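One structure is given below, encoded as structure tokens.
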Amino acid sequence: MPAINLLPEELSTSKTVVKAAGFIKKMLVPAVAVYLISVVVMVAVIVLLNGDSKKLAAGQDVLISSIKSLEKIERSILLLQERLSKIKILLVNESSKDGSMTNIQDLLTQSQDIDIAAIKWIPGNMDLTATLSTSDQIEQFFKQLIESPFVKEINMKSFSFSPAVGYNLNLIITTK
Amino acid sequence: MKSKTLLESIKKGLPVGNIKIILLPLLSLIALLLLFVFSVRTGISKIQVLQSNINSQKGVENTLKQKEELLKSVEESVSDQTAAVNSALPGKNPVLLTMYQVRSLGLDGLVRLSGSKVGTTGTKESSLDAIGMTFNIQGQIEDVLKSINKLKLITPLTVIDKVEFQIDGYNASADVSISSYWSPLPEKIPSLTQPVSDITQEEKDILSSLLSLTQPPFGSVLLPQEPAERDNPFGF
Chain P
91 MPAINLLPEE
101 LSTSKTVVKA
111 AGFIKKMLVP
121 AVAVYLISVV
131 VMVAVIVLLN
141 GDSKKLAAGQ
151 DVLISSIKSL
161 EKIERSILLL
171 QERLSKIKIL
181 LVNESSKDGS
191 MTNIQDLLTQ
201 SQDIDIAAIK
211 WIPGNMDLTA
221 TLSTSDQIEQ
231 FFKQLIESPF
241 VKEINMKSFS
251 FSPAVGYNLN
261 LIITTK
Chain L
138 MKSKTLLESI
148 KKGLPVGNIK
158 IILLPLLSLI
168 ALLLLFVFSV
178 RTGISKIQVL
188 QSNINSQKGV
198 ENTLKQKEEL
208 LKSVEESVSD
218 QTAAVNSALP
228 GKNPVLLTMY
238 QVRSLGLDGL
248 VRLSGSKVGT
258 TGTKESSLDA
268 IGMTFNIQGQ
278 IEDVLKSINK
288 LKLITPLTVI
298 DKVEFQIDGY
308 NASADVSISS
318 YWSPLPEKIP
328 SLTQPVSDIT
338 QEEKDILSSL
348 LSLTQPPFGS
358 VLLPQEPAER
368 DNPFGF
């Protein structure tokens with residue numbers, strides 16, 4: 091006996107829809123499997139990374155306790171660096187002044203013919219009072235000053251002559 | 138409501154039976170997709186956070202390892218070096234140390250020191266404090282010059298600010314003004330995980346020159362004597 095369907099054709103289930111529903115149902119099983127696999131993989135990765143993180147944290151704790159035991163050395167190094175940085179500034183600023191002081195020593199020890207009465211020295215400036223017997227000595231003295239690498243400028247503050255003493259000089263020497 | 142849906146379905150030519158058949162699998166697929174997207178996003182963000190944590194932990198571990206190695210390598214030498222720099226640039230006003238060192242210039246008997254005045258403000262350098270001292274040295278010119286030169290070779294670091302020579306024949310009298318420097322010790326140390334670098338070659342050179350300077354025999358810190366039992370309680 092043939093099946094009788096009294097429903098209008100518009101209301102009957104479409105074969106395409108049934109096929110599509112079947113296809114979706116078939117797809118659901120592998121999709122769930124893929125989902126579950128990806129979740130498991132992610133959980134595994136998270137667990138592994140957590141383990142690594144804990145291991146690293148434990149290693150850090152060991153290192154930190156070791157460094158804590160060396161805290162005195164660390165303080166010493168930091169103090170050393172801090173002091174050296176300040177000393178460096180001081181030495182850089184002061185090294186330039188040494189040269190002009192050396193110049194005084196040269197003047198006092200090498201100028202045998204010159205009777206130096208007084209020298210006032212501050213960094214960068216020298217006030218010198220001297221007596222010289224002859225004009226040749228003056229020439230020699232100025233030559234020595236001009237050739238000195240530390241002399242920048244010479245100002246003659248006073249110059250006088252007396253037959254009994256000789257030539258009196260007062261020079262303001264600017265040093266480098 | 139139901140009759141309305143039915144009407145809409147009929148109008149669109151999609152019967153209710155069709156919708157019922159496809160609705161459940163379709164909703165399941167959509168729900169699965171949404172769940173997948175949510176899970177993957179959550180999982181990946183968690184993994185990223187953990188990965189970045191691990192990277193920073195590795196960085197900190199490397200820093201700590203280097204720090205530990207450095208600290209162990211300098212363990213033996215650093216105390217002498219610190220003593221030398223502390224003596225060169227003390228943490229407290231070095232007036233007594235400077236006075237001792239200046240007085241030591243006259244110990245060989247070749248020059249005579251007099252008129253020492255301490256406590257005047259020295260010439261300040263940028264980040265350093267200074268004390269000033271003036272004194273007079275008398276003696277033969279070469280001995281006076283040698284004594285003045287020795288001021289550059291003492292600790293605390295001393296700078297000659299002014300010298301006035303009065304010369305009479307082979308004898309000289311020099312009024313000398315000097316500044317001695319000091320700077321308060323640092324009060325804070327960086328956190329434990331901060332890296333520590335070794336001193337540079339330039340700093341090593343400075344250090345070796347500081348080690349060659351004449352230090353006061355009692356160092357930069359005067360420690361109080363331990364209390365001791367007196368044999369004779371009536372004596373001093």
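Listed in order, the protein sequences are those of chains P and L. For the first sequence, the working numbering assigns the number 91 to the initial residue and increments by one for each residue that follows. For the second sequence, the working numbering assigns the number 138 to the initial residue and increments by one for each residue that follows. The C-beta atom is built at its ideal place from N, Cα and C for all residues, glycine as well. These numbers were taken from a predicted model, which means no experiment stands behind them.
For residue i, I'd like the list of residues in its chain whose CB is within less than 7 Å of its CB, leaving aside the five on either flank, ordered along the chain.
{"i": "P:L169", "result": "none"}
{"i": "L:K204", "result": "P332, V333"}
{"i": "P:I204", "result": "A220, L222, Q227, F231"}
{"i": "L:L288", "result": "T295, I297, I315"}
In or out: residue i buried (at least 16 other Cβ within 10 Å) or exposed?
{"i": "L:Y318", "result": "buried"}
{"i": "L:D280", "result": "buried"}
{"i": "L:E324", "result": "exposed"}
{"i": "L:K338", "result": "Sequence inspection shows Gln at residue 338 of chain L; the Lys mentioned does not correspond to that position. Result: exposed."}
{"i": "P:P120", "result": "exposed"}
{"i": "L:N192", "result": "exposed"}
{"i": "L:T292", "result": "buried"}
{"i": "L:A168", "result": "exposed"}
{"i": "L:V215", "result": "buried"}
{"i": "P:F231", "result": "buried"}
{"i": "L:Q218", "result": "buried"}
{"i": "P:Q227", "result": "buried"}
{"i": "L:P231", "result": "buried"}
{"i": "L:V186", "result": "exposed"}
{"i": "L:K139", "result": "The predicted model places L:K139 with a pLDDT of 49, which falls under 50 and marks its position as unreliable; any figure quoted below should be read in that light. Burial call: exposed."}
{"i": "L:E340", "result": "buried"}
{"i": "P:N245", "result": "exposed"}
{"i": "P:A123", "result": "exposed"}
{"i": "P:T134", "result": "The residue asked about is misnamed: residue 134 of chain P is Ala in this sequence, not Thr. Counting Cβ neighbours within 10 Å, P:A134 comes out exposed, since fewer than 16 surround it."}
{"i": "L:L290", "result": "exposed"}
{"i": "P:I127", "result": "exposed"}
Using a Cβ-Cβ cut-off of 8 Å (strictly less than) and excluding sequence neighbours within five positions of residue i, which residues of its own chain qualify?
{"i": "P:S252", "result": "N258"}
{"i": "L:R249", "result": "G243, I274, Q275, G276"}
{"i": "P:N183", "result": "none"}
{"i": "P:N140", "result": "none"}
{"i": "P:E243", "result": "I263, T264"}
Determine the chain P residues that contact residue i at a beta-carbon separation under 8 Å, and present them in chain order.
{"i": "L:P323", "result": "L168, L169, E172"}
{"i": "L:Q238", "result": "Chain P residues near L:Q238: none, gap ~17 Å exceeds 8 Å."}
Compare the Cα-Cα distances from residue i to each of the options and report the closest residue.
{"i": "L:M236", "options": "L:V255, L:L322, L:A220, L:I191", "result": "L:V255"}
{"i": "L:I343", "options": "P:K176, P:F249, P:I209", "result": "P:K176"}
{"i": "L:Q352", "options": "L:D335, L:V239, L:L247", "result": "L:V239"}
{"i": "L:G252", "options": "L:L265, L:A267, L:G269, L:I274", "result": "L:I274"}
{"i": "P:L218", "options": "P:I206, P:K144, P:S225", "result": "P:I206"}
{"i": "P:K247", "options": "P:I263, P:E172, P:V255, P:G256", "result": "P:I263"}
Going along chain L, which residues have a C-beta under 8 Å from residue i?
{"i": "P:L261", "result": "The contacting residues do not exist; P:L261 stays about 14 Å from chain L at best."}
By Cβ distance, which residues of its chain are closer than 6 Å to residue i, with the 5 residues on each side in sequence left out?
{"i": "P:V108", "result": "none"}
{"i": "P:S250", "result": "N258"}
{"i": "L:S182", "result": "none"}
{"i": "L:F302", "result": "A309, A311"}
For a contact meaning CB atoms closer than 9 Å, what does residue i contact in chain P?
{"i": "L:E205", "result": "L153, S156, I157, L160"}
{"i": "L:I184", "result": "M132, V135, I136, L139"}
Could you work out which residues of chain P lie near residue i, taking near to mean beta carbons separated by less than 7 Å?
{"i": "L:L247", "result": "Going along chain P, no residue has its Cβ under 7 Å from L:L247, so there is no contact; the nearest lies around 16 Å."}
{"i": "L:I315", "result": "Those do not exist, as L:I315 stays about 11 Å from chain P at its closest Cβ, beyond 7 Å."}
{"i": "L:L187", "result": "I136, L139, N140, S143"}
{"i": "L:K195", "result": "L146"}
{"i": "L:N190", "result": "S143"}
Under 7 Å between beta-carbons, which chain L residues line up against residue i? List them in chain order, please.
{"i": "P:D196", "result": "Per Cβ cutoff of 7 Å: no residues; P:D196 is ~10 Å from chain L at best."}
{"i": "P:K176", "result": "L226, S264, L265, S320"}
{"i": "P:K210", "result": "E301"}
{"i": "P:A111", "result": "I158, I159, P162"}
For residue i, would you say it is in contact with chain B, using Cβ-to-Cβ distances shorter than 7 Å as the test?
{"i": "P:A148", "result": "No chain B is part of this structure, whose protein chains are labelled P and L."}
Any chance the CB of residue i is under 6 Å from a heavy atom of the ligand NAP?
{"i": "P:F249", "result": "Judged by which ligands are present, the structure shown has none, so any question about the ligand NAP falls away."}
Below 9 Å on C-beta distance, what does residue i contact in chain L?
{"i": "P:Y257", "result": "Within 9 Å Cβ-Cβ: nothing; P:Y257 doesn't reach chain L, min ~17 Å."}
{"i": "P:S128", "result": "F173, S176, V177, G180"}
Item to check | Three or more C-beta pairs below 8 Å linking the stretch 205-219 of chain P and the stretch 293-313 of chain L | outcome: yes
Item to check | Cβ pair count under 8 Å reaching 3, the stretch 218-234 of chain L against the stretch 343-354 of chain L | outcome: yes
Checklist entry - Between the stretch 313-332 of chain L and the stretch 146-165 of chain P, are three or more C-beta pairs nearer than 8 Å? => result yes
Checklist entry - Pairing CB atoms from the stretch 229-249 of chain L with CB atoms from the stretch 270-286 of chain L, are three or more of them under 8 Å? => result yes
Checklist entry - Just checking, does the stretch 160-167 of chain L make contact with the stretch 233-245 of chain P on the three C-beta pairs under 8 Å criterion? => result no
Item to check | Given 8 Å, three or more beta-carbon pairs between the stretch 155-170 of chain P and the stretch 207-222 of chain L | outcome: yes
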